[in-house]
Amino acid sequence: MKNAFVSFIVKDLRENKRELVSLIMSESILISLFTVGVLGFQIFSSKDADEYFMREDGISRLFISACSLMLLCGIVLLIATLIPYLGKRVPKYTFLRRMGISVRDKRRMIITEAGVTYLLSIIPGLLTGTLFAYVLKHVIVSYLRIDFELGSVSAFTYPIICVVTLCAYALSFLLTGELESDFGVISSTQETARTERSISRKPAAWIIAGSILCVVSSAAFFRIEYHEALYLTAIFYLGMYLAVKNIASVIMAGTRKNRPDKYYRNLLNSNQFYNRYQTTTRYILALSLISFLACFTSGFQMIGIVNAQNAEDLFPYDIMCLADENDAKYFDGLKKDSDIEIHEYPMVRVANLDKTEHFERINEITIQGQQIGISESTYHELKGAIDPSYVPEDLGLNDDGSNVYVVHQQDRSIKAQPVDWRYNKSKPDLHIGVPCIRVLDEYHGTYYEKNIAGEEIASITGCYSTPKCENIIVFSDRYFEKAQDEWKNVDITTGYSVEAFRAFMGDDAEPLLIQGPTRLVLINTDPSHVQQLDRELDALEEEHKYIGNLDSSVHFHYSTPDEIQQVTVERAARIAIGVCMLVIFLIMEILLLYSKCQMELKEKKGREKMLRGLGMPLRDRRRLLSREINVFLVLPAVFLIISSAVFLTGTYSVRMYDSNLVIRCTKMYAAMITAWIAVNAIFTWLIKILIGKEILSDE
Amino acid sequence: MNNCEELVRAEGLYRSFSKYGNKTEVIKGIDLCICRNELTAIMGRSGSGKTTLLKLLGLIDRPTDGSIIYKGENSRKLFGDRLAAIHRNDIGFVYQDYYLMDSLSVLENIMLPKILNHEETGEAMKSAMAISEKMQISSLLDKRPYELSGGEKQRAAICRALINDPELILADEPTGNLDTASADIVMRHFAMIHRSLNTTIVIVTHDPSVASCCERVVFLKDGLITVDIRNNGDREVFFDRIIENQKNVLKG
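Chains A and B, in that order, are what the protein sequence lines are.
For the first sequence, counting from 1, position 154 maps to 154 in the numbering used here; every step adds exactly one.
Every number in the numbering used here is 699 more than the matching position in the second sequence, counting from 1.
What follows is the structure, encoded as structure tokens:
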């Protein structure tokens with residue numbers, strides 16, 4: 001009996017070979033891409049793994065974000081495959097239950113099925129993932145000419161991947177169960193068509209609401225304080241979905257009512273819109289969104305990197321130091337060395353209220369950003385030092401310091417970032433001096449809202465640390481003179497002015513006053529000297545950790561060779577992640593379309609028999625099927641082009657790209673979109689052939 | 700029989716199906732001639748090959764061996780647009796499973812043959828409404844098939860089969876799901892179009908009372924025709940003969 005039951009399980013699995021294969025493939029893809037992510041993390045972020053782990057920036061964070069997104073996409077992919085798969089399996093189990101199968105035997109069947117699919121997917125997944133990771137590493141290392149030692153893969157990597165992906169598989173299964181109980185997604189594959197309203201109750205309201213969402217989100221994307229936020233693209237898509245869907249439904253209703261000739265002529269061609277409007281539009285939305293995420297979010301980031309400045313060009317100097325008054329003797333000593341070229345400029349530390357992208361929890365300390373404050377004269381000197389043809393222009397700064405000019409010192413391939421991240425304000429809250437330990441009360445404190453008179457993205461001292469720190473804040477010369485003494489008026493523990501502090505704590509209380517860095521020191525020398533200086537300055541690092549300096553990414557000195565390596569590796573990691581994301585999005589798109597076609601197979605087979613019997617020629621039936629599937633290629637492509645036009649323009653604007661760069665990037669992006677649509681068209685054609693073979697009957 | 704103007708003829712008809720290497724012969728050598736303006740019933744046990752024979756006569760299926768001659772033409776030479784045109788205009792098929800499209804309203808389902816023929820919408824609608832009136836389903840035209848009972852679906856499917864006034868109607872258990880009154884309506888309508896439009900009708904049925912309305916009854920057993928009887932005028936006598944032959948076929 002045992003053998004008979006086992007052979008029954010085996011025969012049962014064999015009978016659903018095709019669905020089993022697609023499930024195994026989905027799992028393999030998930031495992032493969034997760035493997036690439038984890039291996040990439042280990043290979044590219046060995047230097048940063050401990051130091052910058054869980055920081056908002058840095059390679060490790062990139063990979064963590066990417067792996068999380070890949071896992072999420074993988075789970076969505078698995079759910080999309082599980083729905084038609086379970087649509088075939090659940091009735092079988094229901095039937096067995098009615099036949100009286102014991103709970104134990106049913107469990108054995110399910111565990112065997114789940115186990116077999118998982119085991120058959122783990123090895124190809126790990127193998128292809130490892131192969132892909134090493135090919136990607138080889139390509140990136142060759143392309144970026146990385147000549148330093150990369151990390152290696154640890155022994156625990158593969159068991160951890162197996163465990164994590166098994167959990168993802170289990171989670172997908174559970175979520176599919178939830179979807180079934182809430183929406184009947186599995187049982188509906190067995191039912192005939194539900195009635196879906198093709199016209200909502202108040203289409204005009206939805207059209208207006210959708211249009212507003214599109215306009216507001218795209219307008220916000222053009223503002224640097226929204227830092228090219230992904231949620232704006234989601235809002236745009238939601239708006240587009242609401243507006244276009246309701247406009248189309250009004251047109252469709254009008255056609256049906258006022259133009260019956262046209263309606264009946266296209267009765268079968270338009271049937272999936274009139275009959276299944278909600279489902280059809282949701283699939284179009286999903287496919288459009290996936291295309292956009294692939295091309296714009298992942299693909300354009302790679303285009304940005306390809307067109308970015310050389311890493312060396314981001315650092316005009318070999319070393320940058322933020323020195324204070326105690327360092328005068330040391331740097332005076334260095335000036336005597338003829339091999340070392342030193343430039344010193346007066347500076348103040350400028351802290352912005354919020355450096356982090358996320359919203360802080362109630363008791364969470366907000367990490368403040370630290371920028372370099374200089375005078376307008378110093379700005380012109382620095383610009384002239386790197387560009388002899390530079391002609392100084394008035395920056396529009398005022399003597400009371402309410403206007404500032406900002407130089408975002410960042411790689412052009414990185415998303416545009418505001419100086420201050422507090423509540424997406426267009427006016428940053430800045431404080432002259434080192435960050436205060438606690439900002440108890442903004443209204444009595446010393447963080448003041450500033451107007452940004454102008455800004456640029458450039459590297460005039462070097463793109464050190466992260467894009468959120470060590471940017472340049474330019475004050476008027478008159479205000480800079482006052483700012484240099486500002487530290488004497490601020491208690492660092494509370495952020496209060498000294499008067500407010502004494503009023504709060506009592507006249508006897510002593511405020512903690514810290515001056516912070518006062519000199520911007522820029523050094524050029526030969527490479528051997530750089531290493532030696534680096535070591536010497538490293539030894540001084542501890543002395544320059546001021547109270548309130550909560551950010552480990554901000555240092556006393558920065559060495560260009562290290563930073564070049566950091567930038568190079570980060571770019572490599574972003575390309576690796578971008579490629580993986582492109583692949584996973586492509587696979588998601590194809591499998592989503594394929595699983596939709598599979599879900600409708602039974603209904604379409606019935607329709608085929610009927611239409612054939614009614615005398616519809618094979619040619620027309622084939623064309624009908626083809627048109628139904630083509631809708632899911634053409635419309636997402638159209639929405640991709642429209643949304644790309646909007647958001648590309650926004651990106652160029654906030655990243656302040658010049659016209660040459662805009663043209664170059666646009667050409668590459670157009671080529672990428674074309675390739676994306678072409679690849680999708682090929683797979684759509686293949687799906688049409690596969691589905692056509694199952695549905696269409698010859699005469 | 701001497702005045703028989705042949706519409707469709709089966710000669711040495713065989714039809715077998717293969718699955719997982721097992722071959723099942725359903726029709727095992729049938730010779731059958733359906734004359735124009737004939738009202739014929741096909742009877743037999745489940746699995747005797749009635750539906751398969753009907754599909755072969757309706758050119759929906761192809762024989763494994765033998766031939767189907769439709770209006771003098773071998774069905775092997777009929778394919779593509781020519782065959783599709785025959786299905787649209789000359790043959791009306793009423794399926795056992797109705798094959799109505801749930802995504803279209805009842806009216807649209809009935810109009811579908813006219814739509815496939817690219818006929819004018821207004822005329823198509825008029826024809827659909829007229830025929831639905833006769834089948835007493837005009838109040839259901841805005842509904843979807845999944846909202847109808849089995850009998851209502853059957854009548855909608857019959858309306859669709861009749862809308863183009865085909866010269867041959869093939870009906871697979873058209874009254875199978877109908878109550879007596881509805882079955883009566885359907886059979887009276889078949890009889891009316893048979894008389895007035897000279898339509899040739901072939902019906903597969905288990906019901907002797909339905910079969911007794913026909914002029915000819917063919918009995919199938921194990922893929923072969925065993926008995927072929929004709930109505931000599933007296934319906935009651937014909938009914939008794941049908942019952943007798945049915946018993947004989949069942950007894951084997």
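Virtual Cβ for every residue (Gly too), placed ideally from N, Cα, C.
Given the structure is predicted, the values throughout are model-derived calculations rather than measurements.
Residue i burial status per 10 Å Cβ neighbour count (16 or more: buried)
{"i": "glycine 771 of chain B", "result": "exposed"}
{"i": "tyrosine 423 of chain A", "result": "exposed"}
{"i": "phenylalanine 53 of chain A", "result": "Caution applies to phenylalanine 53 of chain A, whose pLDDT of 41 falls short of 50 and renders its modelled position unreliable; the model cannot decide the point."}
{"i": "threonine 94 of chain A", "result": "exposed"}
{"i": "glycine 720 of chain B", "result": "exposed"}
{"i": "lysine 950 of chain B", "result": "exposed"}
{"i": "threonine 879 of chain B", "result": "exposed"}
{"i": "tyrosine 496 of chain A", "result": "buried"}
{"i": "aspartate 50 of chain A", "result": "Summary for aspartate 50 of chain A: the model assigns pLDDT 42, below 50, so the residue's position carries little reliability; its value from the coordinates is reported in the next sentence. It is exposed - the Cβ of aspartate 50 of chain A has fewer than 16 other Cβ atoms within 10 Å."}
{"i": "cysteine 665 of chain A", "result": "buried"}
{"i": "glutamine 532 of chain A", "result": "exposed"}
{"i": "aspartate 906 of chain B", "result": "buried"}
{"i": "arginine 708 of chain B", "result": "buried"}
CB contact check: residue i to chain A, cutoff 8 Å
{"i": "serine 715 of chain B", "result": "no"}
{"i": "leucine 706 of chain B", "result": "no"}
{"i": "glutamate 807 of chain B", "result": "yes"}
{"i": "leucine 811 of chain B", "result": "yes"}
{"i": "alanine 784 of chain B", "result": "yes"}
{"i": "phenylalanine 889 of chain B", "result": "no"}
Neighbouring residues, chain A, relative to residue i (Cβ below 7 Å)
{"i": "glycine 748 of chain B", "result": "Going along chain A, no residue has its Cβ under 7 Å from glycine 748 of chain B, so there is no contact; the nearest lies around 19 Å."}
{"i": "methionine 800 of chain B", "result": "Arg607, Met610"}
{"i": "arginine 787 of chain B", "result": "Leu614, Gly615"}
{"i": "leucine 815 of chain B", "result": "Leu614, Gly615, Met616"}
{"i": "aspartate 780 of chain B", "result": "Pro617"}
Test: residue i CB closer than 8 Å to a CB of chain B
{"i": "asparagine 271 of chain A", "result": "yes"}
{"i": "valine 616 of chain A", "result": "The sequence shown places methionine at residue 616 of chain A, rather than the valine named in the question. Taking Cβ atoms only, chain B reaches closer than 8 Å to methionine 616 of chain A, which makes this a yes."}
{"i": "tyrosine 118 of chain A", "result": "no"}
{"i": "leucine 267 of chain A", "result": "yes"}
{"i": "tyrosine 241 of chain A", "result": "no"}
{"i": "tyrosine 264 of chain A", "result": "yes"}
Contact list for residue i against chain B, beta-carbon separation under 9 Å
{"i": "aspartate 261 of chain A", "result": "Glu819, Thr820, Gly821"}
Span of the beta strand (DSSP E) around residue i
{"i": "valine 474 of chain A", "result": "472–475"}
{"i": "leucine 293 of chain A", "result": "Unbroken run through leucine 293 of chain A: none, as it is neither H nor E."}
{"i": "lysine 468 of chain A", "result": "Here lysine 468 of chain A belongs to no beta strand (DSSP E), and DSSP marks it neither H nor E."}
{"i": "alanine 323 of chain A", "result": "319–323"}
{"i": "tyrosine 558 of chain A", "result": "557–559"}
{"i": "glycine 373 of chain A", "result": "369–375"}
{"i": "aspartate 429 of chain A", "result": "429–432"}
{"i": "aspartate 780 of chain B", "result": "Premise fails: aspartate 780 of chain B lies in the alpha helix (DSSP H), 779–788, not in any beta strand (DSSP E)."}
Where the alpha helix (DSSP H) through residue i begins and ends
{"i": "glutamate 822 of chain B", "result": "820–833"}
{"i": "cysteine 214 of chain A", "result": "203–221"}
{"i": "cysteine 665 of chain A", "result": "659–695"}
{"i": "glycine 716 of chain B", "result": "Reading off the sequence, residue 716 of chain B comes out as phenylalanine, not glycine. From DSSP, phenylalanine 716 of chain B is part of no alpha helix (DSSP H) but of the beta strand (DSSP E) over 705–718."}
{"i": "leucine 520 of chain A", "result": "Per DSSP, leucine 520 of chain A belongs to no alpha helix (DSSP H); it is in the beta strand (DSSP E), 519–524."}
Chain A contact residues for residue i, given Cβ-Cβ distances below 9 Å
{"i": "phenylalanine 792 of chain B", "result": "Gly613, Leu614"}
*When Cβ atoms are compared, which residues of the region 276–297 of chain A fall closer than 9 Å to chain B?*
For chain B, the residues of the region 276–297 of chain A that bring a beta carbon within less than 9 Å of one of its beta carbons are Arg276, in chain order.
*Members of the region 907–933 of chain B that neighbour chain A once the beta carbon cut-off is set at 8 Å*: For the region 907–933 of chain B, which is checked against every Cβ of chain A, not one residue is closer than 8 Å.
*asked:* Can you pull out the residues from the region 758–776 of chain B whose beta carbon lies closer than 8 Å to at least one beta carbon of chain A?
replied: Answer in chain order: Ile759.
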